[in-house]
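Sequence lines, in order, name chains A and B.
When we follow my numbering, the leftmost residue of the first sequence carries the number 157, and every step to the right adds one.
When we follow my numbering, the leftmost residue of the second sequence carries the number 33, and every step to the right adds one.
Ideal placement from N, C-alpha and C gives every residue a C-beta, glycine not left out.
All figures in this text were calculated on a predicted structure; none of them were measured in a lab.
In what follows, a single structure is set out as structure tokens and then discussed.
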Amino acid sequence: MKDLDFLTSTPSRQIDYEKFDTRLLDSVLENETSFLTCMSCGGCTATCSAGNLTNFNVRKIGLMLRRGEIDQLSVEIEKCMFCGKCTLVCPRDINIRNVVLLIKKGIALLKTENILS
Amino acid sequence: MMNKPRHIAVIGGGIAGMETASRLAQAGYKITLIEKERITGGHLTQWSHLFPDSSDPAIVVSRLSSALSHQNIKVITSTEITDISKNGQYFNLKSGSEMSLNADAIVVTSGFHLFDASRKEEYGYGLFDNVLTSADLELMMKNEKPIRTASGKKPRRIAIIHCVGSRDAKAGNTYCSKVCCITGIKQAIELNKRLPECEIFCFYMDLRLYGSSFDGLYLTAQQKHKVQFIRGRLSEAAEKPDKSLQIKAEDTLSGRPLRMDVDMIILLVGMEPGISHNNFSRNGSVQLDENGFLKCKDVHAARNLTTQTGIFMAGTCICPMSVSETLENARSAALEVINYFERKM
Numbered sequence: 157m158k159d160l161d162f163l164t165s166t167p168s169r170q171i172d173y174e175k176f177d178t179r180l181l182d183s184v185l186e187n188e189t190s191f192l193t194c195m196s197c198g199g200c201t202a203t204c205s206a207g208n209l210t211n212f213n214v215r216k217i218g219l220m221l222r223r224g225e226i227d228q229l230s231v232e233i234e235k236c237m238f239c240g241k242c243t244l245v246c247p248r249d250i251n252i253r254n255v256v257l258l259i260k261k262g263i264a265l266l267k268t269e270n271i272l273s
Numbered sequence: 033m034m035n036k037p038r039h040i041a042v043i044g045g046g047i048a049g050m051e052t053a054s055r056l057a058q059a060g061y062k063i064t065l066i067e068k069e070r071i072t073g074g075h076l077t078q079w080s081h082l083f084p085d086s087s088d089p090a091i092v093v094s095r096l097s098s099a100l101s102h103q104n105i106k107v108i109t110s111t112e113i114t115d116i117s118k119n120g121q122y123f124n125l126k127s128g129s130e131m132s133l134n135a136d137a138i139v140v141t142s143g144f145h146l147f148d149a150s151r152k153e154e155y156g157y158g159l160f161d162n163v164l165t166s167a168d169l170e171l172m173m174k175n176e177k178p179i180r181t182a183s184g185k186k187p188r189r190i191a192i193i194h195c196v197g198s199r200d201a202k203a204g205n206t207y208c209s210k211v212c213c214i215t216g217i218k219q220a221i222e223l224n225k226r227l228p229e230c231e232i233f234c235f236y237m238d239l240r241l242y243g244s245s246f247d248g249l250y251l252t253a254q255q256k257h258k259v260q261f262i263r264g265r266l267s268e269a270a271e272k273p274d275k276s277l278q279i280k281a282e283d284t285l286s287g288r289p290l291r292m293d294v295d296m297i298i299l300l301v302g303m304e305p306g307i308s309h310n311n312f313s314r315n316g317s318v319q320l321d322e323n324g325f326l327k328c329k330d331v332h333a334a335r336n337l338t339t340q341t342g343i344f345m346a347g348t349c350i351c352p353m354s355v356s357e358t359l360e361n362a363r364s365a366a367l368e369v370i371n372y373f374e375r376k377m
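Here it is, written out as structure tokens:
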């Protein structure tokens, strides 16, 4: 049976919609509805100051938020430098800088409530 | 069918106006076609190839021009209508104080104007020598000029940028101009025919190839012409000391920022409502839709009817359209005008 260990030791790669944690997404959308209109063009990532120096991807921040991947999000979000260039180029006029700020606030709140380690 | 021939004013001598005028003339109506430029034919007189068959737009224009020499049609060029008013049964059209005419009905075929690419400052149009628009490239090919950089070199790599001034809240246009994607693919093929050694990249957000033969052209571009497609919106272009350009986008499919050096950039500029729409809508008689194009009375049942009875419309004053759609739309407008008068009898 040892040969089949990989089946249980690695988490499934499948995106399980039923396991989405939408708490953070809901709190962002409450304050920044423009986030809904993202069409994943990547303009933000192309111009991102942090993304050109590190593996930070600001477009994927939005994707993680939608998918409820809060643990990963809380690590990635720290890489943003708040320069705001993403907001300048966004063709949907999303206030991306504010979205990042709201994510940070939301994560801080979850941490104080000891929901997130 | 009628005692006195009805008189219809057609405003705009592009292909929509030409087709509407000739169809109505054939049906027995008297037409005055008014064009603000010196010649009829509109934007097509500046264009080199039509998608999807790569045919010469001059064929379309010359067919329509000869149809205009009908005895029922009077063409007035270099004249822009500045005012329309309703005077009893008639519409009165004025061009400043120089011209005034009465008509029983009006067909507006005032078309579009191209997005001014210099408004997207970060793309460098008008600032950098080797940034062109799709219209510049068409004119270059129409005049049979070889495709060269500003310093006369053969470009080795060209980037074609989709959605310039379209689907862009920052440019004030949230709608899709619809024909640019296929135009980009057609131009990529034409470039490859002229510069077989040049690499061609299309930067797109979504490829909107809505026509039945458009995907076939996409396949041809990939198979025969080695055109490459990168899914990502251009964020900025910068000019290097040798006048080549560095562009930045995200390669969204690999999820990483991408940098590329190119010798030339082609910006696929979209369609904006013709400026002259303001002349028709100023007094509130004709309404505009959310994108600034002329609003139709019913999007399904009455596409050629404006919000004012007796004023019809055809072509790209309604929304962005291809050449074949514009011509079909013009014929349907002619039919609506005929129905309108026959019901009045």
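Which same chain residues, not among the five before or five after residue i, have their C-beta less than 6 Å away from its C-beta?
i, result
"B/T284", "R263, G264"
"B/G156", "V163, A269"
"B/L146", "A167, V301"
"B/A366", "T52, R55, L56"
"B/G158", "S150"
"B/D321", "K327"
"B/L125", "A41, I113, I116, L133"
"B/Q58", "none"
"B/F373", "R38"
Report all residues from its chain with a CB closer than 7 Å to the CB of residue i; omit the five preceding and five following residues, and keep chain order.
i, result
"B/T339", "V318, Q319, K327, K329"
"B/V369", "I40, L56, A137, V139, F344"
"A/M195", "R248"
"A/N187", "L258"
Leaving aside the five residues before and after residue i along the sequence, list all residues of the same chain whose C-beta is less than 8 Å from its C-beta, in chain order.
i, result
"A/I217", "L229, E232, I233, C236, V255, V256, I259"
"A/L180", "L221, G224, I226, L229, I259, G262, I263, L266"
"B/K185", "D295"
"A/S168", "none"
"A/V214", "C200, T201, C204, A206, G207, C236, C242, I252, V256"
"B/N119", "N134"
Taking the straight line between their C-alpha atoms, what separation do you get for residue i and residue j?
i, j, result
"B/G243", "A/K261", "47 Å"
"B/F83", "B/S209", "15 Å"
"B/F344", "B/S127", "19 Å"
"A/K241", "B/L223", "34 Å"
"B/M34", "B/S364", "Bear in mind that a pLDDT of 49 at B/M34, under 50, signals an unreliable position, so the number given afterwards is only what the model happens to contain. Their backbone Cα atoms lie some 21 Å apart in a straight line."
"B/L76", "A/Q170", "51 Å"
"A/L266", "B/D161", "52 Å"
"A/L244", "A/A202", "12 Å"
"B/V42", "B/E67", "9 Å"
"B/C212", "B/H194", "7 Å"
"B/K62", "B/S80", "33 Å"
"B/A48", "B/I71", "14 Å"
"B/Q278", "B/P289", "13 Å"
"A/F191", "A/C197", "13 Å"
"B/M353", "B/Y207", "13 Å"
"B/S117", "B/N336", "20 Å"
"B/F123", "B/N134", "6 Å"
"B/V93", "B/T52", "13 Å"
"B/T114", "B/G45", "16 Å"
"B/F325", "B/V331", "13 Å"
"A/T189", "A/C246", "15 Å"
"B/D247", "B/T215", "12 Å"
"B/V107", "B/G73", "12 Å"
"B/A281", "B/R291", "7 Å"
"B/K256", "B/E154", "33 Å"
"B/P305", "B/I350", "8 Å"
"B/D293", "B/K177", "24 Å"
Below 8 Å on the Cβ atoms is my contact criterion, and I expect residue i with residue j to pass it. Report the Cβ-Cβ distance as a whole number of Å.
i, j, result
"B/I192", "B/F233", "7 Å"
"B/M303", "B/T341", "Not quite, the Cβ-Cβ distance comes to about 27 Å (not below 8 Å), so this is no contact."
"B/V196", "B/A220", "Contact flag wrong, Cβ pair sits at about 15 Å."
"B/A346", "B/A333", "With 8 Å as the limit, B/A346 and B/A333 do not qualify as a contact, their Cβ atoms being about 16 Å apart."
"B/K275", "B/S183", "6 Å"
"B/I298", "B/I217", "Actually they do not touch by this definition, with Cβ atoms about 12 Å apart."
"A/I250", "A/T193", "6 Å"
"B/G60", "B/P37", "6 Å"
"B/Y386", "B/L239", "The question about residue 386 of chain B has no answer, for chain B in this structure spans 33 to 377."
Inset, instruction - Report yes or no: do three or more beta-carbon pairs, one from the segment 222-238 of chain A and one from the segment 192-212 of chain A, lie closer than 8 Å? - result: yes
Inset, instruction - Tell me, please, whether the segment 196-207 of chain B touches the segment 218-228 of chain B by the rule of three or more beta-carbon pairs shorter than 8 Å. - result: Cβ pair count under 8 Å is below three, so no.
Legend entry - Touching by the beta-carbon criterion (3+ pairs, under 8 Å), the segment 95-110 of chain B and the segment 165-174 of chain B: Segments in contact, no.
Legend entry - Touching by the beta-carbon criterion (3+ pairs, under 8 Å), the segment 346-362 of chain B and the segment 140-147 of chain B: Flag = yes, the segment 346-362 of chain B and the segment 140-147 of chain B touch.
Inset, instruction - List in chain order: all unbroken alpha helix (DSSP H) runs of 4+ residues lying wholly within the segment 152-198 of chain B. - result: 166-174
Inset, instruction - Note down, one range per segment and in chain order, each alpha helix (DSSP H) of at least 4 residues found wholly within the segment 301-351 of chain B. - result: 309-313
Inset, instruction - Could I get the ranges of all uninterrupted beta strand (DSSP E) runs contained in the segment 191-267 of chain B, with 3 residues as the minimum, in chain order? - result: Complete beta strand (DSSP E) runs here, min 3: 231-236, 260-263.
Inset, instruction - Can you check the segment 79-161 of chain B for any beta strand (DSSP E) of at least 3 residues that lies completely inside it and give the ranges in chain order? - result: 105-108, 115-119, 122-127, 131-135, 137-140, 144-146
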